[in-house]
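So the structure is just underneath, and the comments pick up after that.
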Amino acid sequence: TTTLLAAYPSKLVCAFIQKQQLEQSELTLSVEPEQIPHLHSSDPVISWENLCQVHVVRRFASPLVLCFHFITIKTDKLQSMSH
771 TTTLLAAYPS KLVCAFIQKQ QLEQSELTLS VEPEQIPHLH SSDPVISWEN
821 LCQVHVVRRF ASPLVLCFHF ITIKTDKLQS MSH
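Each residue of the sequence shown is one higher than the last, beginning at 771 in our numbering.
Below, the structure is given as structure tokens:
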């Protein structure tokens, strides 16, 4: 963004850069703390795409976690298998 500002020092470019910084900060404030490392870019579009890629991977892993949880479930001694 600084090269863009140096190349085109106009009010529109300054407004765009300010809006981009505002959107990046709003995105940073709206994510969970463990997702912040995925926001390494100053461009909010790239940060958003990184978050989308992370969540696609998590959606794939979720059924595996549920299957593992189901396989490793233990019942109490007094609990029957039908309940």
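Note that beta-carbon positions come from the ideal geometry of N, C-alpha and C, so glycine has one too.
S817 is positioned such that its CB atom lies no closer than 8 Å to that of L792.
Out of Q805, K844, L834, the CA that lies nearest to the CA of H825 is found in Q805.
In the DSSP annotation of this structure, the continuous segment of the alpha helix (DSSP H) that includes L797 starts and ends at 781-800. The alpha-carbon of V815 is positioned some 10 Å away from that of L821.
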